[in-house]
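Note that this note's numbering has the sequence shown beginning at 63, numbered continuously upward. We treat Cβ as the ideally placed atom computed from N, Cα and C, and that holds for glycine.
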Amino acid sequence: MKSRAVCWTQFIKFNAPDGYKMSRCMKCGKEYEADPFLNGTNAMNVHMRKGCGDKQGTTQQLLNLGKTGVEGEGTLTNWKFDQEATRKGLAYMLIVDEKPFKFVDGMGFKYFMPLCCPMFNIPSRRTITRDCFAFYSEMKEIEKIFSKL
C-alpha cells in the first residue's frame with residue numbers, strides 16, 4: 063500500500079539494525095522512528111515545516127574561491143559539504159595537535175565552528191573518541207601494509 067502522507071516525498075523508509083522502522087530526511091539526514099502504528103508522521107511533518115535545516119538544498123553546489131600561484135588571482139571551483147570528511151578532519155586535528163577530547167565542548171570551539179563551517183554538526187566527545195580510534199586503527203592497518211613491502 064502506498065503511503066498517503068505528504069512527508070514521505072521527503073523521507074526514505076529503512077529498518078534500523080535493532081529492528082525499528084525508521085525514516086531519514088533526504089535533505090539533511092535526520093532520522094525519526096517511523097512505525098505507522100506507533101509513531102505516525104507528525105514529527106516528520108513538523109520537521110518539513112520548520113525548513114529542515116538544509117540551507118543550500120540537496121543538489122545545489124557551493125562555490126569555492128581557490129588560490130593560484132599568482133598574487134591577486136584565484137579560481138572558482140565547485141564544493142559540496144561532507145559531514146563525514148569534516149569529522150575525520152576534526153579527529154586528525156585532535157590527534158596531531160594532541161588536544162583533549164573535551165576540546166569540542168569548549169566555548170571557543172563552539173563559537174568558531176558555526177562561523178567557518180555552518181553546516182557542520184559538532185559531534186559529542188564520545189563520538190569524537192570513536193572517530194579518533196577508527197582513524198588510528200585505519201592508519202595502523204596502512205602502516206602494517208607498508209611495513210610488509
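**Message:** Taking 9 Å as the threshold (C-beta atoms), are residue 86 and residue 76 in contact?
**Reply:** yes
**Prompt:** So which of 81, 165, 73, 108 has the shortest CA-CA distance to residue 189?
**Reply:** 165
**Message:** Any contact between the region 98 to 116 and the region 132 to 140? By contact I mean 3 or more CB pairs, one from each, below 8 Å.
**Reply:** no
**Prompt:** According to DSSP, what are the bridge partners of residue 129?
**Reply:** 136
**Message:** Helix, strand or coil, according to DSSP, for residue 186 in the structure here?
**Reply:** coil
**Asked** Could one say the Cβ of residue 104 lies closer than 9 Å to chain C's Cβ atoms, at least one of them?
**Response** No chain C is present in this structure, which holds just one protein chain.
**Item:** Minimum C-alpha distance to residue 154 - residue among 181, 142, 200, 169
**Value:** 200
**Asked** Between the beta-carbon of residue 185 and the beta-carbon of residue 149, is there less than 9 Å?
**Response** yes
**Asked** Contact check, residue 104 vs residue 95 under 8 Å by CB: the rounded distance?
**Response** Actually they are not in contact, since the Cβ atoms of residue 104 and residue 95 sit about 12 Å apart, beyond 8 Å.
**Item:** Three-state class that DSSP yields for residue 156 in the structure shown
**Value:** helix
**Request:** With DSSP as the reference, label residue 77 as helix, strand or coil.
**Result:** strand
**Neighbourhood of residue 198 by C-beta distance below 8 Å, restricted to the same chain and skipping five residues each side** = 157
**Which listed residue (89, 193, 74) has its alpha carbon closest to that of residue 83** = 74
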